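Reviewing the structure listed below.
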Amino acid sequence: MASTGDNGGGASGDGGEDLSTEPLRPRPVRFISPAALNLSRVYEQNRQRIQKKDGPKVPDPTTPQTKGKPRLLLMGQRRSGKSSISSVVFHKLPASETLFLESTARIQKDSLNSFMEFQVWDFPGQIDIFENPAYSFDMDAIFGEIGALIWVIDAQDDYLEAVARLNVTILHVQRSYPHINIEVFIHKVDGLSDDYKLDIQRDVTIRIQDELSDQGIENAPVNFHLTSIYNHSIFEAFSKVIQKLIPRLGQLEAMLTNLCRTCRFEKAYLFDVNTKIYIATDSTPEDMASYEICSDYVDVIIDFTEVYGSWPRTQQWRDRLEGEPWAQPLEDQVACEWAESGMVLADAQRPIMLREVDRFLALVAIMKEGSYEKMPQINMNVDVVVKGLTEFFEITKPRGGVVTGGQGEGVVSPGVPPAP
Amino acid sequence: MSDLETTTGSGGPAGVTDGSIGGGPTTQTQLKKVKKQKVLLMGKSGSGKSSMRSIIFSNYLARDTRRLGATIDIDLSHVKFLGNLTLNLWDCGGQEAFMENYLSQQRAHVFSNVGVLIYVFDIESRDVERDLATYVNIISALVQYSREAQVFVLIHKMDLIPPQMREEVFVQRVALVRKKTAEAVAIVRKGFLSQSQSQSQQQSQQQQQQQQSGQISPTATTTSAPPPEDLEIDMQLFATSIWDQSLYKAWASIIHDLVPNLAVIETQLASLGVAIDADEILLFERTSFLVVSKWTSREGDNNPYGDRFERMSNILKSWKHTCSKFTGTPRNAEQFSEFEYKMGSQFSMFVTKFTTNTYILVCMPPGEARFNSAKLNVAAARPWFKFLDGPPAGAAAAAGGGGGGGPGQNPYGAVAGSYYQGGEHGMGHPDS
Numbered sequence: 000m001a002s003t004g005d006n007g008g009g010a011s012g013d014g015g016e017d018l019s020t021e022p023l024r025p026r027p028v029r030f031i032s033p034a035a036l037n038l039s040r041v042y043e044q045n046r047q048r049i050q051k052k053d054g055p056k057v058p059d060p061t062t063p064q065t066k067g068k069p070r071l072l073l074m075g076q077r078r079s080g081k082s083s084i085s086s087v088v089f090h091k092l093p094a095s096e097t098l099f100l101e102s103t104a105r106i107q108k109d110s111l112n113s114f115m116e117f118q119v120w121d122f123p124g125q126i127d128i129f130e131n132p133a134y135s136f137d138m139d140a141i142f143g144e145i146g147a148l149i150w151v152i153d154a155q156d157d158y159l160e161a162v163a164r165l166n167v168t169i170l171h172v173q174r175s176y177p178h179i180n181i182e183v184f185i186h187k188v189d190g191l192s193d194d195y196k197l198d199i200q201r202d203v204t205i206r207i208q209d210e211l212s213d214q215g216i217e218n219a220p221v222n223f224h225l226t227s228i229y230n231h232s233i234f235e236a237f238s239k240v241i242q243k244l245i246p247r248l249g250q251l252e253a254m255l256t257n258l259c260r261t262c263r264f265e266k267a268y269l270f271d272v273n274t275k276i277y278i279a280t281d282s283t284p285e286d287m288a289s290y291e292i293c294s295d296y297v298d299v300i301i302d303f304t305e306v307y308g309s310w311p312r313t314q315q316w317r318d319r320l321e322g323e324p325w326a327q328p329l330e331d332q333v334a335c336e337w338a339e340s341g342m343v344l345a346d347a348q349r350p351i352m353l354r355e356v357d358r359f360l361a362l363v364a365i366m367k368e369g370s371y372e373k374m375p376q377i378n379m380n381v382d383v384v385v386k387g388l389t390e391f392f393e394i395t396k397p398r399g400g401v402v403t404g405g406q407g408e409g410v411v412s413p414g415v416p417p418a419p
Numbered sequence: 000m001s002d003l004e005t006t007t008g009s010g011g012p013a014g015v016t017d018g019s020i021g022g023g024p025t026t027q028t029q030l031k032k033v034k035k036q037k038v039l040l041m042g043k044s045g046s047g048k049s050s051m052r053s054i055i056f057s058n059y060l061a062r063d064t065r066r067l068g069a070t071i072d073i074d075l076s077h078v079k080f081l082g083n084l085t086l087n088l089w090d091c092g093g094q095e096a097f098m099e100n101y102l103s104q105q106r107a108h109v110f111s112n113v114g115v116l117i118y119v120f121d122i123e124s125r126d127v128e129r130d131l132a133t134y135v136n137i138i139s140a141l142v143q144y145s146r147e148a149q150v151f152v153l154i155h156k157m158d159l160i161p162p163q164m165r166e167e168v169f170v171q172r173v174a175l176v177r178k179k180t181a182e183a184v185a186i187v188r189k190g191f192l193s194q195s196q197s198q199s200q201q202q203s204q205q206q207q208q209q210q211q212s213g214q215i216s217p218t219a220t221t222t223s224a225p226p227p228e229d230l231e232i233d234m235q236l237f238a239t240s241i242w243d244q245s246l247y248k249a250w251a252s253i254i255h256d257l258v259p260n261l262a263v264i265e266t267q268l269a270s271l272g273v274a275i276d277a278d279e280i281l282l283f284e285r286t287s288f289l290v291v292s293k294w295t296s297r298e299g300d301n302n303p304y305g306d307r308f309e310r311m312s313n314i315l316k317s318w319k320h321t322c323s324k325f326t327g328t329p330r331n332a333e334q335f336s337e338f339e340y341k342m343g344s345q346f347s348m349f350v351t352k353f354t355t356n357t358y359i360l361v362c363m364p365p366g367e368a369r370f371n372s373a374k375l376n377v378a379a380a381r382p383w384f385k386f387l388d389g390p391p392a393g394a395a396a397a398a399g400g401g402g403g404g405g406p407g408q409n410p411y412g413a414v415a416g417s418y419y420q421g422g423e424h425g426m427g428h429p430d431s
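In the order they appear, the protein sequences are chains A and B. Heads up: the first sequence begins at 0 in numbering that gives the first Met the number 0, then just goes up one per residue. Heads up: the second sequence begins at 0 in numbering that gives the first Met the number 0, then just goes up one per residue.
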């Protein structure tokens with residue numbers, strides 16, 4: 000024992016570097032070379048030393064870059080549509096192609112680079128993280144971050160078991176991590192009649208609330224959404240979920256409301272371009288129809304940009320355009336460096352406009368009839384708001400920057416006091 | 000302007016010949032000369048013929064096609080395309096009883112004067128052998144009656160094949176179909192040779208045979224010359240699905256060759272493109288948003304997206320659906336009149352209503368001044384493309400009545416005439 004300890008001490012540097020290549024879990028091995036045995040022993044010692052220094056948790060070597068970002072956890076029964084949702088919303092997979100998705104075998108972690116950096120964790124449905132001791136999940140690593148737990152229920156299936164499991168989950172999460180929002184997606188409701196949808200929603204709500212109040216939990220942050228990947232409802236539901244995670248949302252909304260009032264817009268949305276999730280809108284009542292047309296508008300713009308804007312032009316082309324009649328660099332010939340678009344509907348001449356705010360965000364607004372002629376003025380107003388939005392995100396960003404920039408170990412979870 | 004007059008002039012005589020069909024009794028030879036575009040849509044029952052027709056021409060959404068029932072017998076529709084081109088679309092119900100009927104009793108009626116045959120294969124079909132056997136029969140009938148016809152084979156429902164296997168499955172199926180087509184042609188030629196040997200003996204009996212069975216009567220009505228040795232069917236194959244843009248690609252090629260005055264459109268588009276310094280111009284038909292014609296600058300040719308034309312059709316058409324949902328107006332109605340997009344210093348583009356029946360998409364280099372002048376120039380170019388809207392409008396604008404006006408008014412009547420003439424063969428049509 001003593002001799003191995005000496006060896007371990009001598010080779011600890013090597014062992015530390017080999018962490019990633021070493022098998023982390025003991026598994027049935029027919030033959031282990033003495034050297035390998037030694038290495039694993041060294042690793043074990045090393046690990047224990049780190050644990051002692053760092054508290055009860057092992058820093059997960061696979062996800063150092065995902066620390067400190069809001070996290071969306073997708074959970075639910077198997078085949079309830081979790082992976083389909085994340086593919087459709089975050090990877091722009093056409094809904095019809097989700098038929099070919101394989102079932103998820105382990106936790107699928109996606110990092111989403113957008114105006115805020117999100118993580119989306121897609122859990123396999125067959126594993127119950129609370130009941131199965133074989134998978135000893137590190138609860139703090141999962142629920143430690145601020146975020147939302149999205150529970151997906153297949154409305155076209157018998158959902159009693161799903162509701163029961165959801166209840167168990169809510170109880171666990173509520174006790175230890177009350178800051179997590181719980182969002183229930185009653186999913187696959189396309190094809191169901193409106194009455195039936197509402198019936199299901201009512202039934203699920205009652206079952207969960209009864210159970211919670213039996214356990215003495217009142218006013219738990221549980222929200223319900225009716226969703227389907229075959230229409231916009233899934234995006235709208237995600238929008239609501241994400242809006243709750245945005246710091247100072249009220250400020251954003253006030254800016255948009257102001258813009259709507261000055262320019263006589265019917266409705267304005269601030270979209271995350273990649274996911275078509277809207278992160279803020281003005282204060283007028285929301286309606287699905289205007290969200291749909293605005294989000295499709297974003298889609299059209301993305302498609303056009305891909306086809307005509309994603310390949311480099313030749314120098315020759317540029318030289319000609321900057322040549323004599325114009326004699327200006329191309330950048331000076333345009334009014335706005337970001338994407339700018341306008342569209343007029345045939346009925347009542349109602350225009351819709353879109354303006355890119357930065358790489359991730361776009362402002363889309365539905366205008367009133369007759370305002371197309373006043374586009375120059377509107378553009379000026381929009382410019383001001385866009386400037387304000389940019390500042391807003393400048394201000395809110397550094398806070399995130401500090402967290403992500405900090406020493407990975409110091410900010411594992413809010414429970415750990417930050418290292419001085 | 001001289002261009003314009005010549006085109007409307009050429010539209011007139013075409014109208015006159017149309018009128019003569021509808022008017023008096025015509026001989027078979029006269030019928031053949033006529034370029035009334037008869038488009039046959041065939042394939043096994045349930046393969047998706049009516050679905051694709053509804054999507055392309057009736058603005059159905061892909062998921063709405065579930066509502067469609069089986070087509071009974073032949074569903075005739077006259078699709079007005081670009082105002083002056085009427086597609087005589089024969090959507091032939093694919094159930095076996097109907098198929099047999101087309102091949103026997105109605106053989107001459109269905110397969111003569113065909114401009115285009117669109118044959119749809121269902122990739123999911125269980126009984127491929129049988130599908131191909133039917134296909135061979137159809138092709139031989141077609142070669143017999145209208146050997147000039149173009150054939151488009153659509154391998155449909157490709158969305159049911161996993162994406163990584165699509166290419167492979169399609170290539171296999173193409174090889175199979177080409178082989179079968181060659182077989183079909185060979186069969187017809189053999190049949191013809193043996194028939195022509197015994198033709199002198201049969202000459203007297205032909206009248207009787209014609210009444211007994213439609214299958215042999217063709218020898219009397221069609222040309223007597225056997226198919227030439229090197230007869231090759233003008234055939235194109237496409238992998239399609241109603242769930243993506245592949246359908247638009249196939250139909251744009253089908254339509255492309257049928258559009259009248261295509262050369263004129265192309266030269267005028269090119270001169271417009273050069274004048275406004277564009278990178279690409281696409282001309283869409285108003286309701287179907289199929290690409291009628293396109294022009295691309297040398298720079299635009301570097302665009303790596305070879306499928307961009309059908310993509311644009313797809314994008315704009317689904318955009319039109321979105322608008323109709325928002326405004327609550329019918330799908331076939333016009334939905335947007337103007338769409339402009341300036342992508343910083345990368346490119347600018349706009350889509351705008353052009354002539355009555357067309358939309359134009361212009362993609363061009365960035366620059367505010369360039370963009371605004373291009374929009375004005377496109378508006379100014381409108382009169383030069385008026386002929387796209389068909390003889391009635393063209394005749395009124397340029398020729399001012401005269402010869403063009405009369406026949407131009409009733410192209411539809413002429414179509415109906417030829418259709419009723421077909422009815423004499425003893426076939427019940429659903430009304431058009």
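For every residue, glycine included, the Cβ atom is placed at its ideal position computed from N, Cα and C. Only a predicted model underlies this, so the values are computations on that prediction, with no experimental measurement involved.
Check, Outcome
"For B/T354, three-class secondary structure by DSSP", "coil"
"Contacts that A/S242 makes with chain B (C-beta to C-beta distance below 7 Å)", "The question names Ser, but residue 242 of chain A is Gln in the sequence shown. Those within 7 Å of A/Q242 in chain B number zero; the least Cβ separation is about 23 Å."
"Proximal residues to B/S111 (C-beta, below 7 Å), its chain only, five neighbours per side dropped", "Y144 and S145"
"Interface partners of A/R312 on chain C, CB under 9 Å", "Looking for chain C here will not work: the only protein chains present are A and B."
"Of the residues A/A161, A/V385, A/N112 and A/R77, the one placed nearest A/F122, counting alpha carbons only", "A/R77"
"Short-range partners of chain A found in the stretch 321 to 344 of chain B, where Cβ spacing is below 9 Å", "T321, C322, K324, F325, T326, G327, T328, A332, E333, Q334, F335, S336, E337, F338, E339, Y340, K341, M342, G343 and S344"
"Three CB pairs or more closer than 8 Å across the stretch 333 to 346 of chain A and the stretch 361 to 378 of chain A", "yes"
"Where A/I106 falls: helix, strand or coil (DSSP)", "coil"
"Presumed contact (8 Å Cβ cut-off) between A/R349 and A/E339, rounded CB distance", "Contact doesn't hold; Cβ gap of about 18 Å is too wide."
"Among B/N100, B/A140 and B/L153, the one whose alpha carbon lies nearest that of B/G92", "B/N100"
"Neighbour list for A/C335 in chain B, Cβ cutoff strictly below 8 Å", "K341 and G343"
"Stretch-stretch touch, CB-based, cutoff 8 Å, three pairs: the stretch 37 to 49 of chain B with the stretch 67 to 87 of chain B", "yes"
"Minimum C-alpha distance to A/W325 - residue among B/I241, B/P365, B/M311 and B/E339", "B/P365"
"Inter-residue CB distance, A/F234 and A/K266 (contact presumed, cutoff 8 Å)", "So it is not a contact: roughly 16 Å between Cβ atoms."
"Interface residues of chain B facing A/I300 [CB-CB closer than 9 Å]", "Y340 and M342"
"A/P25 at chain B interface by Cβ criterion, 8 Å", "Residue confidence is low: A/P25 scores 43 on pLDDT, short of 50, so the model does not pin down where it sits. Its coordinate-derived value is still stated next. Output row for A/P25: interface = no."
"Of the listed residues A/I241, A/Y268, A/K91 and A/M74, nearest to A/A253 (C-alpha basis)", "A/Y268"
"Proximity below 8 Å, CB of B/S292 to CB of B/I275", "no"
"Contact the stretch 348 to 362 of chain B vs the stretch 281 to 300 of chain B: 3+ CB pairs below 8 Å", "yes"
"Cβ-heavy atom distance, B/I254 to the ligand NAP, below 7 Å", "Of ligands this structure carries none, so the ligand NAP is not represented either."
"The stretch 162 to 172 of chain A touching the stretch 201 to 218 of chain A, judged by at least three CB pairs closer than 8 Å", "yes"
"DSSP bridge partner residues for B/Q42 (one or two, in chain order)", "Here residue 42 of chain B turns out to be Gly, not Gln, going by the sequence shown. B/V119, per the DSSP bridge assignment."
"B/D158 at chain A interface by Cβ criterion, 8 Å", "yes"
"Selection from A/D298, A/E368, A/R70 and A/G308 that minimises the alpha carbon distance to A/F270", "A/D298"
"Option nearest B/K164 by Cα separation, candidates B/S372, B/I122, B/S270 and B/I54", "Per the sequence shown, the amino acid found at residue 164 of chain B is Met instead of Lys. That would be B/I122, whose Cα lies nearest to the Cα of B/M164."
"Bridge-paired residues (DSSP) for B/M342", "A/A338 and B/F346"
"Test: B/Y304 CB closer than 8 Å to a CB of chain A", "yes"
"Buried versus exposed call for B/H155 [16 or more other C-beta atoms within 10 Å across all chains shown]", "buried"
"Whether B/F349 touches B/N260 by CB criterion (8 Å)", "no"
"C-alpha gap between B/D74 and B/F97, whole angstroms", "12 Å"
"Identity of the residue in A/W120, A/V384, A/W310 and A/A154 nearest A/L197 by Cα", "A/A154"
"Beta-carbon contacts of B/S347 that lie in its chain and below 6 Å, excluding the five residues immediately before and after", "K341, M363, P365 and F370"
"When A/L92, A/L360, A/S370 and A/V119 are compared against A/I351, the one with the closest alpha-carbon", "A/S370"
"Proximal chain B residues relative to A/L148, where beta-carbon distance stays under 8 Å", "Result: empty, since nearest Cβ-Cβ is about 32 Å, beyond 8 Å."
"Contact check, A/I365 vs A/C293, beta carbons under 8 Å", "yes"
"Own chain, CB closer than 8 Å to A/Q200, minus 5 neighbours either side, in chain order", "I185, F223 and L225"
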